[in-house]
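If you read the protein sequences in the order shown, they are chains A and B. According to our numbering, the first sequence is numbered sequentially starting from 4. According to our numbering, the second sequence is numbered sequentially starting from 16. Just so it is clear, CB atoms sit at the ideal spot from N, CA and C, and this is done for glycine as well. All values reported here derive from a predicted model rather than from experimental measurement.
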Amino acid sequence: DAGITQSPRHKVTETGTPVTLRCHQTENHRYMYWYRQDPGHGLRLIHYSYGVKDTDKGEVSDGYSVSRSKTEDFLLTLESATSSQTSVYFCAINSGGASDTQYFGPGTRLTVL
Amino acid sequence: EDKVVQSPLSLVVHEGDTVTLNCSYEVTNFRSLLWYKQEKKAPTFLFMLTSSGIEKKSGRLSSILDKKELFSILNITATQTGDSAVYLCAVSIQGAQKLVFGQGTRLTINP
Chain A
4 DAGITQSPRH KVTETGTPVT LRCHQTENHR YMYWYRQDPG HGLRLIHYSY
54 GVKDTDKGEV SDGYSVSRSK TEDFLLTLES ATSSQTSVYF CAINSGGASD
104 TQYFGPGTRL TVL
Chain B
16 EDKVVQSPLS LVVHEGDTVT LNCSYEVTNF RSLLWYKQEK KAPTFLFMLT
66 SSGIEKKSGR LSSILDKKEL FSILNITATQ TGDSAVYLCA VSIQGAQKLV
116 FGQGTRLTIN P
């Protein structure tokens with residue numbers, strides 16, 4: 004168990020509503036990531052963080068924003084959810100330095116109607 | 016653009032068979048290659064490979080990297096139904112501290 008939790012674990016929302024997903028870690032790791040997973044696409048990076056208030060875009064960042072005000076929390080916000088954002092969202096952590104291994108949270112299944 | 020391609024995308028075999036999963040990559044600055052196993056939940060880490068030709072082994076699973084030909088294989092011998100999962104390959108980019116994932120191979124082991 005890598006000490007990562009995600010909330011909520013399941014959410015159903017309507018098009019146009021804002022949604023915030025939370026990732027919480029107890030490992031004090033520097034790097035945190037948000038991915039989405041869709042059939043046929045593996046895991047695609049949305050945004051990542053390399054420290055408090057330090058974030059950068061991934062390959063599929065359009066329509067998403069993130070914030071990291073504390074080491075342990077990384078929030079993903081969909082400002083105005085669309086049906087194309089229906090997906091499973093995974094958070095991951097990495098200690099940085101020489102380690103490339105990322106450890107994943109349990110995932111959040113989001114459905115946008 | 017950094018790219019990781021896995022093949023086959025789907026594979027169905029019988030229990031006891033040996034399987035080989037493939038991962039090829041084209042990236043700007045390779046640092047390492049990682050394999051993950053994903054059952055009906057979060058991906059779990061299997062191996063990380065950084066050097067060509069050195070096999071990593073864990074029980075019935077083994078993996079090797081060829082940095083010249085830009086690919087890796089994951090072998091599973093004497094497969095069991097519990098090996099049924101999606102196997103993900105990812106490449107770490109030098110200086111970026113992030114992973115690029117392939118599409119995954121869905122492996123189904125029938126009893």
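Drop a sphere of 10 angstroms on the beta-carbon of VAL19 of chain B, count the other beta-carbons inside from all chains shown, and report buried for 16 or more, exposed for fewer.
-> Numbered from 1 along the second sequence, position 4 holds the residue referred to as residue 19 of chain B. Answer is buried; the Cβ neighbour count reaches 16.
| Between the CA atoms of GLU84 of chain B and PRO58 of chain B - distance to the nearest angstrom | Translated into positions along the second sequence, residue 58 of chain B becomes position 43. Translated into positions along the second sequence, residue 84 of chain B becomes position 69. Each residue's Cα considered, the two are about 26 Å apart.
**Asked** Do you know offhand how far ALA84 of chain A's Cα is from ARG71 of chain A's?
**Response** Stepping through the first sequence from its first residue, residue 84 of chain A is reached at position 81. Stepping through the first sequence from its first residue, residue 71 of chain A is reached at position 68. Linking ALA84 of chain A to ARG71 of chain A through their CA atoms gives a straight-line distance of about 21 Å.
Q.
Using C-beta distances below 6 Å, list every residue in its chain close to TYR40 of chain B, excluding the 5 sequence neighbours before and after it, in chain order.
A. Numbered from 1 along the second sequence, position 25 holds the residue referred to as residue 40 of chain B. Excluding positions up to five away in sequence, the list reads VAL19, LEU85 and VAL106.
Open item on the list: Please report the distance separating the alpha-carbon of PRO42 of chain A from that of GLU30 of chain A.
Closed with: For the purposes of this step, residue 42 of chain A is taken as the residue at position 39 of the first sequence. For the purposes of this step, residue 30 of chain A is taken as the residue at position 27 of the first sequence. If you take the alpha carbons of PRO42 of chain A and GLU30 of chain A, they lie about 30 Å apart.
Under 8 Å: do the stretch 29 to 39 of chain B and the stretch 93 to 113 of chain B share three or more Cβ pairs, one atom per stretch?
Yes: the two stretches touch, three or more of their Cβ pairs being nearer than 8 Å.
Buried or exposed by the 16-neighbour rule on C-beta atoms within 10 Å, applied to VAL115 of chain B:
The residue you call residue 115 of chain B lines up with position 100 of the second sequence. Burial call: buried.
- Item | Collapsed DSSP secondary structure at SER72 of chain A in the structure displayed | On the first sequence, position 69 is the one that residue 72 of chain A refers to. Three-state DSSP puts SER72 of chain A in a strand.
- [ ] Just grab the DSSP bridge partners of GLU41 of chain B for me.
- [x] For the purposes of this step, residue 41 of chain B is identified with residue 26 of the second sequence, where counting begins at 1. According to the DSSP secondary-structure assignment, GLU41 of chain B is paired through a beta bridge with B:LYS18.
Go ahead and pull the three-state DSSP assignment for SER90 of chain A.
As a first step, residue 90 of chain A must be located in the first sequence, where it is residue number 87. Strand, per DSSP.
Self-check item: The beta strand (DSSP E) enclosing ALA105 of chain B, as first and last residue numbers
Solution: Your numbering for residue 105 of chain B matches position 90 in the second sequence. Taken as a continuous stretch (DSSP letters only), the beta strand (DSSP E) holding ALA105 of chain B covers 100 to 108.
*asked:* Give me, in chain order, the residues of the same chain whose beta-carbon lies closer than 6 Å to that of SER52 of chain A; leave out the 5 immediate sequence neighbours on both sides.
replied: Looking up residue 52 of chain A in the first sequence gives position 49. Cβ neighbours of SER52 of chain A beyond the five flanking positions: MET35, THR58, ARG71 and PHE77.
- request: Give the DSSP-derived three-state secondary structure of THR20 of chain A in the structure shown.
  value: The residue labelled residue 20 of chain A in the question sits at position 17 within the first sequence. The answer is coil: DSSP assigns THR20 of chain A none of H, G, I, E or B.
Beta strand (DSSP E) segments (min. 3 residues) lying fully within the stretch 31 to 84 of chain B
With a minimum length of 3 residues, the continuous beta strand (DSSP E) runs that stay inside the stretch 31 to 84 of chain B are 34 to 41, 45 to 53, 59 to 64, 71 to 73 and 76 to 81.
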